[in-house]
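Residue numbers (the numbering used here), protein chains in the order written: chain A, -13 to 234; chain B, 99 to 492.
Every residue, glycine too, gets a C-beta built ideally from N, C-alpha and C.
Keep in mind that this is a model prediction, so the values were computed, not measured.
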């Protein structure tokens, strides 16, 4: 008996069906689930290689919702500003970015010192928080921003009605975010996001300042921050890293 | 009649790098005593670190940046070796920057072509004296500007000779960034779409003079290959010292810096008209109790903007203990030098027009949400009051 005389083993039905679909529509038509979860989206760096590695996707993902939480002076805004600068690009054509300043505390000089090009940054400073959702929806629709930073999400909690409206509109907002491939980056003082936000989140990092960096003369020149990965679609949560953030 | 230009793009860093193998492939910035970036590695430049940045600014651009104090004594030693090789020829030599300088070959060669063996020999001497890492790029032509342009587009260890008949064709496609003009003017040229020397040379002279003054007129002549400037063996002539007397003794740093800036501005403008910039400044302070303090301020690259000089003067004033109120200052531009050419490989590509990128969507959105969208502009970056520092434009 030669090997050639042995008939091939019959293929299972599923495999035959997959092979038939691949033959008819091409090899990309069907993918296994583990391949989908490993797909890394377009992203831009946070400016910190360790943080990029922690996120699992190499930075801040575009077309997804990212949340940085942490108390005041925890360093989340510093990291967000550097991410914004990276989103604009340094040596290539600048990409426009937008900043929704709900807290009304944005200091353009900090943006400038972090490397953000102010000429390509649109600041949105609504005097009241009414209609924030409509405003956000219009801003996202008007053009493909590479990143939209929303500072002071906690302000929404002062109005239960606005919070409810925001939560209800979040799925629709996320559809626009995915279509435009905009990185929607939220900054919040509270440690835990609301249910709707938590449901839509792709990346959540929590910042906690562990120490101040002092100069020889005792002045504060920076801080050390521990970043905990609370959630990521591309990495196992629970990991953490320490960052040294020099103040510009 | 020939002029040789020796050029090394990152002389200070490359001079110190061989002794520090741990700097390989890392972003490194070398700082002077005031914490100002004097030189940096290619990786740091890629991350957006620039000369004259403060350490914190540089670290903000590149968090992984290694900040290392500059070994000024070692640089001076290497610079002396560089200068020594050039001066040993017995020809007039004008040093423009560390590792860069002109050598006037007019007395030994009639044309750049005749000067070729001499240039090649000089290049070999420089390489043997300074090492392979500091091998310069050489350019040779009838005029200083074309010689410099030739050296800038040539790789280290190579010589580019341009003959008079080829000059116009050689200069025409080169970038306007090679012109010794202030960075602001070079940016304006880029914004206007004037990318090459041929584009700039084609502009009406009256329009150039109207927009950029005497410096623009001279630069246009250079773009045409007409450069009558001689090699100045003693370096560029410095203006007279500027004395500022305060009617009432001054106790305010900002006021003192503003006065110095106001008095220096005409001198900087005069330098700019000759396509020169301030490379070093001596600031002498006289106090009410007749004590004096002297500061030597050196810039990594020649500057012509009053703002840059003012920032350095302000820093010097802040870092000086004042034994009494200030009654006068005496400022001397102790060294002037030709403006450096831009680093061609590191140029930003033309940026998006901010008007279309931001303004157009903002205008559309403002119809529905008036008074919500703003541009931010830094008006006085150093002003302590936020409202004076920043301007919001709707």
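Cutoff 6 Å; reference residue i; Cβ partners in own chain excluding five residues on either side
i	result
residue 418 of chain B	391
residue 224 of chain B	183, 234
residue 71 of chain A	100, 101, 102
residue 327 of chain B	242
residue 428 of chain B	339, 341, 382
residue 217 of chain B	102, 236, 238, 257
residue 451 of chain B	Confidence at residue 451 of chain B is low in this model, with a pLDDT of 48, below 50, so its placement is unreliable and the value that follows should be read with caution. Counting only Cβ-Cβ distances below 6 Å, and skipping sequence neighbours, we find nothing.
residue 139 of chain A	172, 174
residue 214 of chain A	192, 226
Simplified DSSP assignment, three categories, for residue i
i	result
residue 295 of chain B	helix
residue 101 of chain B	strand
residue 44 of chain A	coil
residue 191 of chain A	strand
residue 416 of chain B	helix
residue 314 of chain B	helix
residue 34 of chain A	coil
residue 199 of chain A	strand
residue 171 of chain A	strand
residue 53 of chain A	strand
residue 180 of chain A	coil
residue 342 of chain B	strand
residue 59 of chain A	coil
residue 147 of chain A	helix
residue 286 of chain B	helix
residue 325 of chain B	coil
residue -13 of chain A	Its pLDDT being 40, under 50, residue -13 of chain A is placed unreliably by the model, and nothing is read from it.
residue 222 of chain A	coil
residue 463 of chain B	helix
residue 255 of chain A	Here chain A covers residues -13 to 234 and nothing more, so residue 255 of chain A does not appear.
residue 216 of chain A	strand
residue 349 of chain B	coil
residue 187 of chain B	coil
residue 232 of chain A	strand
Proximal residues to residue i (C-beta, below 7 Å), its chain only, five neighbours per side dropped
i	result
residue 366 of chain B	376, 402, 404, 407
residue 386 of chain B	347, 422, 423, 425
residue 216 of chain A	190, 191, 192, 223
residue 414 of chain B	381, 393, 395
residue 187 of chain A	51, 53, 179, 217
residue 299 of chain B	318, 321, 322
Nearest residue (CA-CA) to residue i, options the options
i	options	result
residue 276 of chain B	B:320, B:255, B:474, B:169	B:320
residue 62 of chain A	A:217, A:199, A:173, A:41	A:173
residue 162 of chain A	A:127, A:183, A:136	A:127
residue 374 of chain B	B:204, B:174, B:400, B:383	B:400
residue 43 of chain A	A:221, A:12, A:230	A:221
residue 369 of chain B	B:318, B:311, B:381	B:311
residue 196 of chain B	B:175, B:118, B:247, B:293	B:175
residue 113 of chain A	A:33, A:26, A:90	A:90
residue 227 of chain A	A:199, A:195, A:29	A:195
residue 351 of chain B	B:416, B:393, B:296, B:130	B:416
residue 56 of chain A	A:178, A:207, A:218, A:182	A:178
residue 255 of chain B	B:158, B:261, B:180, B:231	B:231
residue 27 of chain A	A:233, A:231, A:219	A:219
beta-carbon residue i near the ligand NAP non-hydrogen atom, thresh 8 Å
i	result
residue 478 of chain B	This structure lacks the ligand NAP; in fact it carries no ligand of any kind.
Proximal residues to residue i (C-beta, below 8 Å), its chain only, five neighbours per side dropped
i	result
residue 314 of chain B	279, 283, 306, 307
residue 197 of chain A	209, 210
residue 285 of chain B	none
residue 303 of chain B	315, 318
residue 185 of chain B	191
residue 329 of chain B	101, 190, 191, 192, 200, 201, 202, 242
residue 179 of chain B	227, 228
Chain B contacts from the stretch 101 to 116 of chain A (Cβ-Cβ distance under 9 Å): 101, 103, 104, 105, 106, 107, 108, 109, 110, 111, 112, 113
For the stretch 192 to 278 of chain B, list the alpha helix (DSSP H) runs that are entirely contained and at least 4 residues long, ordered along the chain. 210 to 228, 242 to 250, 265 to 269
Anything in the stretch 148 to 166 of chain B with a Cβ closer than 8 Å to a Cβ of chain A? List those residues in chain order, please. 154, 155, 157, 158, 159, 161, 162
Of all the residues that make up the stretch 186 to 220 of chain A, which are near chain B by a beta-carbon distance shorter than 8 Å? 207
Output the residue ranges of the alpha helix (DSSP H) runs that lie fully inside the stretch 104 to 166 of chain B and measure 4 residues or longer, sorted by chain position. 109 to 114, 140 to 144, 153 to 159
Entirely enclosed beta strand (DSSP E) segments - the stretch 374 to 440 of chain B, minimum 3 residues: 374 to 385, 390 to 401, 424 to 436
Mind pulling the alpha helix (DSSP H) runs of 4 or more residues that sit fully within the stretch 105 to 133 of chain A? 118 to 128
In the stretch 121 to 145 of chain A, which residues sit with their C-beta less than 8 Å from some C-beta in chain B, listed in chain order? 121, 124, 125, 128, 129
If the cut-off is 8 Å on Cβ atoms, which residues from the stretch 120 to 150 of chain B count as contacting chain A, listed in chain order? 144, 145, 146
In chain order, what are the residue ranges of uninterrupted alpha helix (DSSP H) at least 4 long that sit wholly in the stretch 68 to 103 of chain A? 94 to 99
Interface residues of the stretch 29 to 43 of chain A facing chain B [CB-CB below 8 Å]: 33, 34, 35
Please identify, using Cβ separations under 9 Å, the residues of the stretch 387 to 400 of chain B that lie next to chain A, in order along the chain. none
Contacting positions in the stretch 460 to 481 of chain B - beta carbon closer than 9 Å to chain A: 460, 462, 463, 466, 467, 469, 470, 471, 472, 473, 474, 475, 476, 479
Got a sec: which bits of the stretch 47 to 59 of chain A sit with their beta carbon under 9 Å from any beta carbon on chain B, in order along the chain? none
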